[in-house]
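Note that the numbering used here has the sequence shown beginning at 123, numbered continuously upward. Beneath this line is the structure, given in structure tokens, with notes to follow.
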Amino acid sequence: MSDFATPPDLSDALDLVRDVADFPKPGVTFKDISPLLAEPTALGRVVEALAAAGRGPDGAAAVDTVVGMESRGFIFGAPVALALGVGFVPVRKPGKLPGETRSVSYDLEYGSETLEILVDALAPGERVLLVDDVLATGGTARATADLVEQAGASVHALAVLLELSFLPGRATLGDVPLTALRTV
């Protein structure tokens, strides 16, 4: 289920994402996007579907910037930004960005983490599309949204390949509109 319309012809592309049991630790099923990334036609269709979450009714970009979360959000976020004709901003783990940063710590399904963004990466009033691969507990997405809001920018939406409906990601997001290309 998504808050934005999703093209109905993505099943074959999304079927390329494979489950890897007990990775990165026992009890976790990792969603491996490598087979999808290896298929350029499928990848292109997925990028366009994710970009749709950042478009207005007229098809033009409704956002100023795409923000992708480390690390698989980079893989999808940069081409989504290109498809929308806007810039891309990475949100990274501590110590990976040069210069002054803002940071937020959060819990995820198998531990805790901290994310950072450059202080000058976003301008007040910018509308931002968040992009990642999987929405699970929502900790990464919520932390990223908090970083965006601390900069004075606003979150237009979050776009992901997969939403794990058995985890509380959607509830953790609050009122952030969500596009999930597939809910499992």
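Heads up, the beta-carbon is just placed ideally off N, CA and C, and yes, glycines get one too.
Top-ranked residue by Cα proximity to serine 193, from Val277, Val298 and Thr236: Thr236
Which of helix, strand or coil does DSSP assign to valine 241? coil
With a Cβ-Cβ cutoff of 9 Å, do alanine 258 and serine 227 count as a contact? no
Once the 5 residues before and after leucine 289 are set aside, which same chain residues still bring their CB inside 6 Å of it? Ala258 and Thr259
With a threshold of 16 other CB atoms inside 10 Å of the CB of arginine 167, please say whether the residue is buried or exposed. buried
DSSP has alanine 183 in a bridge; who is on the other side? Arg177
Where are the beta strand (DSSP E) runs, 3 residues long or more, that stay fully inside the stretch 133-160, in chain order? 140-143 and 151-154
For threonine 259, does the three-state DSSP call read helix, strand or coil? coil
Phenylalanine 288, DSSP secondary structure in three states: coil
Reference leucine 251, options Ala175, Ala164, Ala171 and Thr163, closest by Cα: Ala175
Quick check on the burial criterion: 16 or more other C-beta atoms within 10 angstroms. Buried or exposed for glutamate 222? exposed
What three-state label does DSSP hand aspartate 268 in the structure shown? helix
Have a look at Pro157, Leu172 and Gly209 and flag the residue whose alpha-carbon is nearest the alpha-carbon of valine 139. Pro157
Assuming proline 201 is part of the alpha helix (DSSP H), what are its boundary residues? 194-206
In three-state terms, what does DSSP make of phenylalanine 126? Reliability fails at phenylalanine 126, whose pLDDT of 48 lies under 50, so the model's placement of it is uncertain and no value is given.
Distance, valine 185 Cα to leucine 204 Cα: 12 Å
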